[in-house]
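Report on one structure; see the data block that follows.
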Amino acid sequence: MKNIYILLKDKISLIGIFFLLTIINSYSQVVLNANGPGNTYELITSVLAPGNGTGAVEAPDETPDGSHQVFGRHIAEVFDADLNKYVFEFYSHSALDNDVATLSSDRQRVEIKTYAASPDNLKGTLGENIIYKWMFKLPLGFQPSTNFTHIHQIKAVDGDDSSPLFTLTPRKGTPNKLELVYVANASTSSVKLSIVDLSLFEGNWVEAEEKINVGSTGTYSITLKKHSDGAVLMSYSNANIATIRPDNTFIRPKWGIYRSLVDVIDLRDEAVRFSDFSIQEVPSLATNSIVINSNSFFIPNPVSDKIYFSETMMQNRDSICIFDVTGKMVINQEIASNSMDVSFLKSGIYFAYFIKNGKTIQQYKIVKQ
249 MKNIYILLKD KISLIGIFFL LTIINSYSQV VLNANGPGNT YELITSVLAP GNGTGAVEAP
309 DETPDGSHQV FGRHIAEVFD ADLNKYVFEF YSHSALDNDV ATLSSDRQRV EIKTYAASPD
369 NLKGTLGENI IYKWMFKLPL GFQPSTNFTH IHQIKAVDGD DSSPLFTLTP RKGTPNKLEL
429 VYVANASTSS VKLSIVDLSL FEGNWVEAEE KINVGSTGTY SITLKKHSDG AVLMSYSNAN
489 IATIRPDNTF IRPKWGIYRS LVDVIDLRDE AVRFSDFSIQ EVPSLATNSI VINSNSFFIP
549 NPVSDKIYFS ETMMQNRDSI CIFDVTGKMV INQEIASNSM DVSFLKSGIY FAYFIKNGKT
609 IQQYKIVKQ
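My numbering applies: residue 249 is where the sequence shown begins, and numbers increase by one.
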């Protein structure tokens, strides 16, 4: 994640400054990339669920009767000439790959995921802001099922979790389509939020960016762009949509091939490529990187007992809340003037939250010396 920097003018003396503001490091970005053949499952798990075996990978590496042992692992790292680097390749076989997760013969999956054993920063909980990024390439002539062929899911966990919240689903038709499908809860039908021609994606590397504010009235957006020229192939956003259900504990992503075998005649063996997976928690979806000049807060002179706000700060932030290390709120006031009295605070560490329209837009650690 890009840091927030405080730039202090060279000639300003630092002696006597009461506050040093830096971004809280609780926000993080986790990246998964291929690094060459071998130990692929171990690499995936080390990023998505470190220390927990191979639970981050769901793949039919061996059928119950042992007949599929000859193929082995269903995710490999291969060199891609277009990107000039190693990428992940997911293999799905129409005849032999039953679903190992449910032992069902009517579906199959080769997917990677975060799940309960993953670190907290890889699971989306109520109120969090998350940005998912990845790249994928469907092969030319990709054959989806008429029922479902998911290549990405946002799944809810615990409680009402039988259906994904959001999926990217290629579907057989005339012509074949790529659909963004949403299911609010178990009592509602699926809704197709966006539908585009699947041929736009075949044989092309596509950059995906998905932004989610987790909540009953959360926000959701996704953009799919052609890597070669930046052309937008699909774009959808909604500022008032349920992105978690009332009894869910968290949400999580899945990537790969999860498809129905009901109409197996429609299918063929497929190899879908993925790369550049990223999961990032951010303080705000409006921006995850900002540079603040020193005079946004201070120092023409060293600060003694006040924080000074620039006109820009006053226009773009409604209020400020400050908490001590025990979680006790010590300041909660509107930003109505160009300064705020902090002389009564004891020396120590505090956490400041800048608020705009009821939402936290920036979060800082404050050290009072």
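Ideal placement from N, C-alpha and C gives every residue a C-beta, glycine not left out. Owing to the predicted nature of the structure, the values given are computational and were not obtained by experimental measurement.
Environment of Ile492 [buried if 16+ CB atoms lie within 10 Å]: The C-beta of Ile492 has 16 or more other C-beta atoms within 10 Å across all chains shown, which makes the residue buried.
Tell me, please, whether the stretch 519 to 536 touches the stretch 480 to 498 by the rule of three or more beta-carbon pairs shorter than 8 Å. no
Of the listed residues Phe414, Pro392, Val573, Lys474, nearest to Ser342 (C-alpha basis): Pro392
When we look at the beta-carbon of Met482 and count the other beta-carbons within 10 Å, is it buried (16 or more) or exposed? buried
6 Å CB neighbourhood of Lys259 in its chain, flanking five on each side removed: The pLDDT assigned to Lys259 is 29, lower than 50, so where the model puts this residue is not dependable; a value taken from the coordinates is nonetheless given after this. Excluding residues within five positions, none has a Cβ falling inside 6 Å.
So what's Glu376 in DSSP terms, helix, strand or just coil? coil
If I'm right that Val578 touches Asp553 with Cβ under 8 Å, what's the distance once you round it to whole angstroms? Incorrect: roughly 15 Å between the Cβ atoms, too far for contact.
Shortest alpha-carbon distance to Asp354 belongs to which of Leu515, Leu593, Leu416? Leu515
Report yes or no: do three or more beta-carbon pairs, one from the stretch 424 to 435 and one from the stretch 502 to 511, lie closer than 8 Å? No: fewer than three Cβ pairs fall under 8 Å.
Are the beta-carbon atoms of Gly504 and Val335 separated by less than 7 Å? Taking 7 Å as the Cβ cut-off, Gly504 and Val335 do not qualify as a contacting pair.
What number of angstroms, rounded off, separates the C-alpha of Leu472 from the C-alpha of Asn377? 19 Å
Minimum C-alpha distance to Ile609 - residue among Glu582, Asn580, Arg565: Per the Cα distances, Arg565.
Assuming Ser523 contacts Leu331 under a Cβ cut-off of 8 Å, what Cβ separation, rounded to an integer in Å, is found between them? 6 Å
Considering only residues of the stretch 394 to 419, which uninterrupted beta strand (DSSP E) runs meet the minimum length of 3 residues and lie entirely inside it, listed in chain order? 397 to 405, 414 to 419
Do you know how far the Cα of Ser558 is from the Cα of Lys257? Confidence at Lys257 is low in this model, with a pLDDT of 30, below 50, so the placement of that residue should be treated as unreliable; the coordinate-derived value is given next. Cα to Cα, Lys257 sits roughly 15 Å from Ser558.
Give every residue of the same chain whose Cβ lies closer than 7 Å to the Cβ of Asp408, excluding the five residues on either side of it in the sequence, and list them in chain order. Asn433, Ala434, Arg493, Asp495, Asn496
Let me know the secondary structure DSSP gives Gln391 once reduced to three states. coil
Using a Cβ-Cβ cut-off of 6 Å (strictly less than) and excluding sequence neighbours within five positions of Ala307, which residues of its own chain qualify? Once the five neighbours on either side are set aside, the close Cβ partners of Ala307 are His322, Val358.
Below 6 Å CB to CB, which residues in the same chain sit around Met588 once its five sequence neighbours on both sides are set aside? Ile555
Between which residues of its own chain and Lys333 is the CB-CB distance below 7 Å, once the five residues before and five after are set aside? Excluding positions up to five away in sequence, the list is empty.
How long is the line joining the alpha carbons of His398 and Pro412, rounded to whole angstroms? 10 Å
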